[in-house]
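Visitor: All the letters of the sequence shown, read from the start, carry residue numbers 9 to 285 under my numbering.
Note that CB positions come from ideal geometry on N, CA and C, so glycine has one too.
Questions regarding the structure given below will be posed in turn.
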Amino acid sequence: MKVISVVGYKKTGKTTLVTRLVEKLSGKGKVGTVKQMCHHRFNPENTDTGKHFDAGAAAVAAITDGELVLVRRNPSLSKALDALADSGMDFAIVEGAKKSSLPKIVLGDLDNIDEVQNIVARLPARADWDIDTLAELVMQQDEWATLGLLIEQVKLDPRIKQAGGIGTFTGIVRQFSEGVETKALHFEKYEKVAEEAMKKICNDLMQREGVLDIRMHHRTGTIKQGEDIVYIVVAAAHRQELFTALTDALEMLKAEVPVWKKELTIEGDFWVHDVEK
C-alpha cells in the first residue's frame, strides 16, 4: 500500500487536495484515507455506540445501510494504516500527521519547516495543482505492508481458484536471545536491490509445480521486541508444496536479500556481520 500525507495550516486546501487525489488514484486501485481529528470525538457519549464504548467495550462496530465503522481503543496512526492495509487498500492518503515520518505534501508555509520529516513536495495553498504528477509521486513511495494485505493480494490473484491452501510466516523480534534481552532490532536494506532480490525469489519459487503465488515483505528501521519483521505468504495447490515453498522462501530471503541488522540490547548495540537477507 502506497501512503502519502497532506499537511498544512487551516484553509490551505488540504481536504480539497485529498479528495482530488482520491478521485485520481481510485482509477488505479482501492484508496483509503485517514483524517487526524485530534480533540474531536467520533463516537459521542449520547449515542448508543458511544454508550457501549463508555461501558468498557474494547471495540464497537456500527453498521448502517451503506457504512461500517469500527471504533477501537488505543488509537494511533500506524494502527489506522494497518487497518486500511489489512482491508486490501492499494493507497492511503492521510490528512494531517505533520509530526509523523510519512512522506508528505506540504501546502503553503509552515513554521519550523526544517523539523518536518520526509517532505516529498511543497505546493502553494489552494492552487491549481497538477494532480497527475502528484498521483505519480504517490506511486513512487515505499510500500506499507501487513500480513493481511499480502493475504488479500494473493486471494485476488486469478490463480487462487487452483489453490488448496494459503500458508504464512511472520518473523518477530525475539525478546531474549542466548540469555540477553533485546530491546529492538534496526534493519537497513539496499532498497532497489533488496526488492528485486525478493521478486526474483518469488518468481523462482512460482516455477515449481503446484506453487501458485508468493508474496514477501521485510520491514526496515527500528522494530521493537514482539513487533513484526518479515511476512511471507504462499498459495499452493497442496499442503506439501505449500510448506516446502514457505520454508525455502524464508531461507532464500535470509541468504540472498541484502538486509543488515543491528541488535539493540541491554548490554549494548552492535551490527550483526552476517547479512540478514
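1. Can you find the residues in the same chain that come closer than 6 Å, C-beta to C-beta, to D90, ignoring five residues on each side of it along the sequence?
2. On a Cα-Cα basis, can you pick out the residue from L193, A202, E264 and A66 that is closest to Q233?
3. Tell me which same chain residues have a C-beta within less than 7 Å of the C-beta of G96, skipping the five on either side of it?
4. Can you tell me whether F99 is buried or exposed? The criterion is at least 16 other CB atoms within 10 Å of its CB, across all chains shown.
5. Per DSSP, I113 is paired with what?
6. How long is the line joining the alpha carbons of T178 and A135, rounded to whole angstroms?
7. Expressed to the nearest angstrom, what Euclidean distance is found between the alpha-carbon atoms of G187 and I240?
8. Using a Cβ-Cβ distance cut-off of 7 Å, determine whether M147 contacts chain B.
9. Would you identify the three-state DSSP class for V181, choosing helix, strand or coil?
10. Can you give me the C-alpha to C-alpha distance between Q125 and V42, rounded to a whole angstrom?
11. Can you list, in chain order, the residues of its chain whose CB lies under 6 Å from that of V30, leaving out five sequence neighbours each side?
Guide: Let me lay it out:
1. In the sequence shown, the residue the question calls residue 90 occupies position 82. For D90, where only same-chain residues beyond five positions count, the Cβ hits under 6 Å are T154.
2. Indexing the sequence shown from 1 puts residue 233 at position 225. Considering only alpha carbons, the answer is L193.
3. Here the question's residue 96 lines up with position 88 in the sequence shown. Counting only Cβ-Cβ distances below 7 Å, and skipping sequence neighbours, we find K38, L157 and E160.
4. Here residue 99 corresponds to residue number 91 of the sequence shown, with the count starting at 1. F99 is buried by the Cβ-count criterion.
5. Within the sequence shown, residue 113 is the residue found at index 105, counting from 1. Paired residue(s): V14 and A129.
6. Taking the first residue of the sequence shown as position 1, residue 178 is located at position 170. Taking the first residue of the sequence shown as position 1, residue 135 is located at position 127. Taking the straight line from one Cα to the other gives about 44 Å.
7. On the sequence shown, residue 187 is found 179 positions in, with the first residue counted as 1. On the sequence shown, residue 240 is found 232 positions in, with the first residue counted as 1. Straight-line Cα distance between these residues: approximately 28 Å.
8. Checking the listed chains, one finds no chain B in this structure; it contains a single protein chain.
9. Counting from 1 along the sequence shown, the entry for residue 181 is found at position 173. Coil, per DSSP.
10. Counting from one through the sequence shown, the residue named residue 125 turns up at place 117. Counting from one through the sequence shown, the residue named residue 42 turns up at place 34. So the alpha carbons of these two residues sit roughly 18 Å apart.
11. Taking the first residue of the sequence shown as 1, we reach residue 30 at position 22. Cβ neighbours of V30 beyond the five flanking positions: V39.
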